[in-house]
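What follows is a single structure, written as structure tokens, with notes after it.
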Amino acid sequence: QRLKEGKVYIAGQAERAIEHFFRKGNLIALRELALRRTADRVDEQMRAWRGHPGEEKVWHTRDAILLCIGHNTGSEKLVRAAARLASRLGSVWHAVYVETPALHRLPEKKRRAILSALRLAQELGAETATLSDPAEEKAVVRYAREHNLGKIILGRPASRRWWRRETFADRLARIAPDLDQVLVALDE
Numbered sequence: 001q002r003l004k005e006g007k008v009y010i011a012g013q014a015e016r017a018i019e020h021f022f023r024k025g026n027l028i029a030l031r032e033l034a035l036r037r038t039a040d041r042v043d044e045q046m047r048a049w050r051g052h053p054g055e056e057k058v059w060h061t062r063d064a065i066l067l068c069i070g071h072n073t074g075s076e077k078l079v080r081a082a083a084r085l086a087s088r089l090g091s092v093w094h095a096v097y098v099e100t101p102a103l104h105r106l107p108e109k110k111r112r113a114i115l116s117a118l119r120l121a122q123e124l125g126a127e128t129a130t131l132s133d134p135a136e137e138k139a140v141v142r143y144a145r146e147h148n149l150g151k152i153i154l155g156r157p158a159s160r161r162w163w164r165r166e167t168f169a170d171r172l173a174r175i176a177p178d179l180d181q182v183l184v185a186l187d188e
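Residue 46 in UniProt numbering is what sits at position 46 of the sequence shown, and the numbering runs on without skipping anything.
Printed below as a string of structure tokens:
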């Protein structure tokens, strides 16, 4: 209405603007850009607020994924599963490997496979990090909370040794029951 009345552009320019710029498709695109900028700003404010004491838990305000890459075989399958899930959910995702003193005892082939999995995750859109901590589960929980990642994807080895001892997933669930876990079966 304001365009047609000449309150935004002079008469000749208003007609051209209505025909060429203020089309439904352009307006939808502009609206989406504005909403994304607003969402990014709100996310920054939320992260800043979560830095206050007593605000350590993950706020499940959006789907966000943390992939834990281990030294088991099947890491490529795990990375691709995480990328597919992130794509379906339209969410951000991170991939981490926790470096422990045991890493230095791993064969060179396994160390290369870990680095390859991290590279693949980065190529598929993940933010990647290598964490250093002797307590793997604590490092993962700390990273998830710092980055507000509420879903953790873990590989589950095909072997049945799990009944003998507490698994990594069990330890994670015990110290962080607020975080969701997604287990992906790995080929051994």
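Note that the Cβ used here is the ideal one computed from N, Cα and C, for glycine as well.
- Taking the Cα of residue 115 as reference, the smallest distance to any Cα among 91, 68, 139 and 156 is reached at 68.
- Looking at the DSSP output, residue 185 bridges to 156.
- In the DSSP assignment, residue 120 falls within the unbroken alpha helix (DSSP H) covering 108–123.
- Going by C-alpha positions, residue 150 is about 17 Å away from residue 168.
- Pairwise C-beta distances place the stretch 39–46 out of contact with the stretch 79–95, as fewer than three of them are shorter than 8 Å.
- Just so you know, the alpha carbons of residue 129 and residue 23 end up roughly 43 Å apart.
- A buried status is given to residue 94, since no fewer than 16 other beta-carbon atoms sit within 10 Å of its beta-carbon.
- DSSP lists 97 as the bridge partner or partners of residue 130.
- Around residue 74, the same chain offers 155, 186 and 187 as residues with beta carbons nearer than 7 Å, after the five sequence neighbours per side are excluded.
- When DSSP states are grouped into helix, strand and coil, residue 64 belongs to the strand group.
- Cα atoms of residue 13 and residue 28: separation of roughly 22 Å, rounded to the nearest angstrom.
- Per the coordinates, the alpha-carbon of residue 110 lies some 40 Å from the alpha-carbon of residue 36.
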